[in-house]
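Here's the structure we're looking at; comments come further down.
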Amino acid sequence: MSPQPQAAVGAPLSRVDGRLKVTGKAKYAAEHNVDGAVHAVIVDATIGRGRITSIDTRAALAQPGVLRVISHRNAPKLPYRDNAMSNKSNNPPGRRLRVFQDDRVLFHGQPVAVVIATTLEAAQHGASLVKVHYDAAPPSTELTKAKADKPTKYARGDAEAGLRNAAVRMDLTYSMARNHHNAMEPHATIARWTGDKLTVWDKTQWVLGTQTEIAAAFGLPQDDVRVISPFVGGGFGSGLRGWPHVIIAALAARVTKRPVKLVLSRKQQYFGTGFRPAYEYRLRVGSDRHGRLAAMAHELDAETSSYETFTEGVLPPGQMLYSTPNVQQTYRTVPLDVNTPIWMRGPGFATASFVIESAMDELAHKLDLDPIELRRRNEPDEDQSSGRPFSTRRLRECYSVGAREFGWHRRNAKPRSRREGDWLIGMGMAAGVYDTARMPAQARVRLDADGTAVVETASSDMGPGTYTSQTQVAADALGLTMRTVDFRLGDSLFPPTPPHGGSMTMASVGSAVLDGCNQVRRQAIKLAVEDKESPLYGVDANDIVVRGGRLHLKNNPTRGEKYQQLLSRNNRTHLEAQGSFAPPSGTQRYSFYAYNATFAEVAVDATLGLVRVRRMLGVYDAGRIISPTLADSQAIGAMVGGIGTALLEHTVTDHRDGRIVNANLADYLVPVNADVPDLKAIYLDGEDREADPLGVKGLGEVVMIGVAPAIANAVFNATGRRIRQLPITAEALL
Amino acid sequence: MHPFDYTRVSDTREALNAGRRGGRYIAGGTTLVDLMRETVERPGALVDISDLPLREVTVTERGGLHIGALVRMAEAAAHPKVRTLYPVISEALELSASAQLRNMATIGGNIMQRTRCTYFRDVTADCNKREPGAGCAALHGYNRTHAILGTSDHCVATHPSDVAVAFAALEATVHVLGPDGERTVPFADFLLLPGHTPHREHALRNGELITAVEIPALPRPLRSGYLKVRDRQSYEFALTSAAVALHVRGGVIREAKVAVGGVGTVPWKLPAVERHLVGERPSDALWEAAASRAADGARPLAHNRFKLELLQRTVERQLRIVGGTK
């Protein structure tokens, strides 16, 4: 087939749903008008561990409007079929929390009851009147004081020997605070039963995952549950699982025989969904005098819950980012009386990257080498964890473009050498890497006789602009304008897609959309060349392209016709295809990753312990960029997030009773506009032909990786103070 | 939120009558409504005083300022007389909260705002301020942002206001109207130390209403300003802050007004620092020596020991910013 002209892909277009969003017409989970819906408010456990001894619901039930209070005392027993992690579930190994099925409290904030009332106010008031008594036990919530699980290990070479024999050795310990996603939109669910069938409007990044979890909890056939989620007001990973409150909403609807709306309060987001776990991370590094790495030994402990074992991709960077003959990794989860963590933007990689990239900066300083030069000297020829070649790896270019555009040469390698008034100025950089993940996906494409198309996938758009970028792909492949393609997502009735996370949506869903649209275009072309009435009759199909809804000869645009003419003349109401994508099965031939170099300039008032980011630049090797405008919003948003991780974000637990002390947006600090002045992104032009048909490598995660260490390294350059703890706060710098 | 009655009054007599019957006054509502949502506050009746004629800023006969209790924070901050006569007040206001909140919140409400102690704001935690005798979860809990001055074993919560620090520094007076008529309360006596009774936070008697805050005239020229140290650059409460006003004549400091925030259970006046400054010539050495007294008597907790040093540095910096040199 002749390649289609690119009109939409690569163009800096505005969001197709922008108007809906700014006019308030985009409906988020809690905003769907479901007739007769009543309101549910969860009562949270106020102990960190123990048993419920009594629940007094009289005062709540006496309130006007309160319909029902459900707890383990009166909840129907739910089957809770196994729904272990698979291509339909993100439940980590363990025994998931089963709502209202017994008297046990596993963490502070666990749902212990739900109040359902005709108004939200009555439900909230009722929830505050439920008196729960407990037999409380002291919870274990301290990562450094609890017993760890058996470790996951990785080794190549002999790291201990490598360290012993190394000319330069470092032994460094880092700690990273727990972070919460804190999306603007709270998690919310509306559940409505029709007989034994359930419809759920939910904030989720994966309608299929939520669907299977509800079906498993209630013992229903998967198809009897429909999950709808057309808009998501930010997710960052928190919507990747079917959480307990979703089951509570469905349970409440079943018990009351009314549609039920349940919106988590801001506070409840902190224990009702997951979080990026805190880590304690020891890294030992050995190198020769020229900075060539000889060995790295990683020992890391991470939070998980007492009932599920959550792990994430914290090991790959230590195995493949730098040429290192001897590597040893020991990854231990530490079960605590907390709710189960979940992936958060750049999961695992962001954490490991803070450690490795801080250590590389430290090593560069120790050897009096430029940090970029040190990294160049350790650039591997292949992925040393698998022996495979890299599909594409342009980290060297990221370094050189970044250094040039950022003005890296102006950095004085000697810390504390640049001062402006009370401010010390410093520059730092870090490398970043994230896995190019792809999973099977499908898309349904229908071209109607009026020359417009509808594309449907179950996928999600938590903010990156999936609606827009997929419309771009579809428009070009069908030869239509953006306006004539209606891209739909967020419904479990649509063809299945993987979780909208891990930067795999463009590669996976986009490739399925591309395939479906290509099929439909080919059908149309075939129809034309075989249709004696068509001006394209008898033409080689390979010589035809479609542009603006008109099929024509590539080399002679005057000869052709519109889709409408072709279809109506042939009495076809529509053409249709099911597009699909599946990554190559079996052993992969390449190592697939996206990369970046991130640069930061900070000002530090060392007297008052203040760190202010002045400017940042990220240079990305992320394959093809479908939408530069959306890419910028991804990259800049991630820099904002990384600034938060580096300087502000810290979920604080009171270890006496397991309560989260700062479960609100006044005390859990995220950056405000004043904290994020000048952020810039550059994308290396190109594509990754091996990764997927679109040539994309995924962007949403890799942009987050490296932000925190670049800032920490800039703080060192400014002050000479090496902070190995996140977030970097005033007290660390005084 | 617990159910409550709501009435909007149009004159002060009506307000006082409603207040005497137990109604809680509400104006901008930026603190009270939040706390009602968290069920920390459970008033049975709200009396909306937004329509009362207390929205004027005037210069007093002696050259001070009279700021009506219902003047919005944003209005007070932008008022030309406030800006020229007492920049410290404008700066403190502009470094507070967010633009949206400053457009709603009033000066009277600002000084009445309640602590940001997270245990106070979480009804499932022990708090003597919320429930006398319950205990103080913050004392041995997470207390990074808590007070190091004016604390007791019963409460270590800070007073969160910025402008109240400026008022304390300038020795303002609070005008109060009650069933028995008008009276004035020196700012230093208006907000109460927690002691054994942290639930008692201010000197208002039952049903009394703040009508204005008066700033006394100070000798001119007067230089003043407010410095706020915090983790992020906007929309956050102070880790430490300093309000400083200096009257320098003939190269000698004749008057010094200094108070600090983010560190005290009430806005914390620093008379020892002021005494150290008066009669001296401005110099970096003087600022350092004076500021070294800023944390006198402080009692740090497990997570806020850094405030001892940070407070002294904050005061030293602000003395230099206002008083010059270096």
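Quick note, the sequences are listed as chains A and B, same order. Mapped onto the working numbering, the consecutive letters of the first sequence carry residue numbers 25 to 758. Mapped onto the working numbering, the consecutive letters of the second sequence carry residue numbers 11 to 336. Note that beta-carbon positions come from the ideal geometry of N, C-alpha and C, so glycine has one too.
N-terminal and C-terminal residue of the alpha helix (DSSP H) that residue i is part of
{"i": "R596 of chain A", "result": "First-last for R596 of chain A: undefined, no H or E at that position."}
{"i": "E104 of chain B", "result": "97-104"}
{"i": "A299 of chain B", "result": "294-301"}
{"i": "L275 of chain A", "result": "268-280"}
{"i": "Q293 of chain A", "result": "293-296"}
{"i": "H149 of chain A", "result": "144-153"}
{"i": "S95 of chain A", "result": "Element bounds for S95 of chain A: not the alpha helix (DSSP H) but the beta strand (DSSP E), 90-95."}
Endpoints, beta strand (DSSP E) assigned at residue i
{"i": "R420 of chain A", "result": "That residue, R420 of chain A, is in no beta strand (DSSP E); its alpha helix (DSSP H) goes 419-430."}
{"i": "R250 of chain A", "result": "249-252"}
{"i": "D15 of chain B", "result": "15-18"}
{"i": "N542 of chain A", "result": "No beta strand (DSSP E) holds N542 of chain A; the alpha helix (DSSP H) holding it covers 529-553."}
{"i": "M200 of chain A", "result": "192-200"}
{"i": "S234 of chain B", "result": "233-239"}
Check whether residue i and residue j have beta carbons under 8 Å apart
{"i": "A670 of chain A", "j": "G603 of chain A", "result": "no"}
{"i": "L187 of chain A", "j": "L360 of chain A", "result": "no"}
{"i": "L228 of chain B", "j": "H185 of chain B", "result": "no"}
{"i": "L222 of chain A", "j": "D248 of chain A", "result": "yes"}
{"i": "V139 of chain A", "j": "V231 of chain A", "result": "no"}
{"i": "W278 of chain B", "j": "A269 of chain B", "result": "yes"}
{"i": "Q614 of chain A", "j": "E714 of chain A", "result": "Reading off the sequence, residue 614 of chain A comes out as Tyr, not Gln. It is a contact, given that the beta carbons lie within the stated cut-off."}
{"i": "S234 of chain B", "j": "P90 of chain B", "result": "no"}
{"i": "L130 of chain A", "j": "L144 of chain A", "result": "no"}
{"i": "A146 of chain A", "j": "A215 of chain A", "result": "no"}
{"i": "E319 of chain B", "j": "W297 of chain B", "result": "no"}
{"i": "V727 of chain A", "j": "R648 of chain A", "result": "no"}
Residues near residue i by beta carbon distance below 6 Å, same chain, minus five either side
{"i": "R300 of chain A", "result": "N203, M368"}
{"i": "L249 of chain B", "result": "V239, R240, G272"}
{"i": "Q148 of chain A", "result": "V65"}
{"i": "V40 of chain A", "result": "Y491, T492, T495"}
{"i": "H209 of chain B", "result": "K139, P142"}
{"i": "Q749 of chain A", "result": "S199"}
{"i": "S78 of chain A", "result": "H157"}
{"i": "D629 of chain A", "result": "D446, W447"}
Integer-rounded CB distance, given that residue j should sit under 8 Å from residue i
{"i": "A601 of chain A", "j": "V469 of chain A", "result": "5 Å"}
{"i": "S532 of chain A", "j": "A465 of chain A", "result": "4 Å"}
{"i": "S199 of chain A", "j": "E304 of chain A", "result": "5 Å"}
{"i": "A738 of chain A", "j": "V626 of chain A", "result": "4 Å"}
{"i": "A84 of chain A", "j": "V287 of chain A", "result": "Going by Cβ atoms, the distance from A84 of chain A to V287 of chain A rounds to 18 Å, so no, they are not a contact pair."}
{"i": "A659 of chain A", "j": "A705 of chain A", "result": "4 Å"}
{"i": "A88 of chain B", "j": "Y245 of chain B", "result": "That belief does not hold up - the Cβ atoms of A88 of chain B and Y245 of chain B are roughly 19 Å apart, past 8 Å."}
{"i": "R73 of chain A", "j": "P135 of chain A", "result": "Actually they are not in contact, since the Cβ atoms of R73 of chain A and P135 of chain A sit about 15 Å apart, beyond 8 Å."}
{"i": "V62 of chain A", "j": "T280 of chain A", "result": "6 Å"}
{"i": "P404 of chain A", "j": "Y346 of chain A", "result": "7 Å"}
{"i": "A32 of chain A", "j": "G133 of chain A", "result": "Not really, about 45 Å apart at Cβ, beyond 8 Å."}
{"i": "E585 of chain A", "j": "R574 of chain A", "result": "7 Å"}
{"i": "R34 of chain B", "j": "V57 of chain B", "result": "7 Å"}
{"i": "H164 of chain B", "j": "C146 of chain B", "result": "6 Å"}
Same chain only: Cβ atoms within 7 Å of residue i, ignoring 5 sequence neighbours per side
{"i": "G525 of chain A", "result": "Q229, G261, L264, W367"}
{"i": "V92 of chain B", "result": "V67, L75, A86, I99, S100"}
{"i": "H12 of chain B", "result": "T49, R52"}
{"i": "Y152 of chain B", "result": "H313"}
{"i": "E711 of chain A", "result": "G647, R648, G719"}
Neighbourhood of residue i by C-beta distance below 8 Å, restricted to the same chain and skipping five residues each side
{"i": "I238 of chain A", "result": "L222, V224, L244, V249, V251, G266, V270, I271, A274"}
{"i": "C422 of chain A", "result": "A455, Y619, N620, A621, V643, Y644, D645, L708"}
Subject >> Residues of the segment 136-169 of chain B whose Cβ lies closer than 7 Å to any Cβ of chain A, in chain order >> reply: Answer set for the segment 136-169 of chain B: G151, Y152.
Subject >> Residues of the segment 234-255 of chain B with Cβ closer than 7 Å to any Cβ of chain A, in chain order >> reply: Here the close residues are V239, D241, R242, Q243, S244, Y245, E246, L249.
Original post:
Of the residues that make up the segment 684-712 of chain A, which ones have a beta carbon closer than 9 Å to any beta carbon in chain B?
Top reply: V685, N686, A687, N688, A690, D691, L693, V694, P695, V696, N697, A698, D699
**OP:** Could you run through the segment 147-160 of chain A and flag, in chain order, every residue whose CB is less than 7 Å away from some CB of chain B?
**Re:** Q148, H149, S152
Subject >> Members of the segment 64-75 of chain A near chain B, C-beta cut-off 7 Å >> reply: T70
**OP:** Report the residues of the segment 739-758 of chain A with a CB closer than 7 Å to any CB of chain B, ordered along the chain.
**Re:** T753, A754, E755, L758
**OP:** Return the residues of the segment 449-477 of chain A that lie within a Cβ-Cβ distance of less than 7 Å from chain B, sorted by chain order.
**Re:** none
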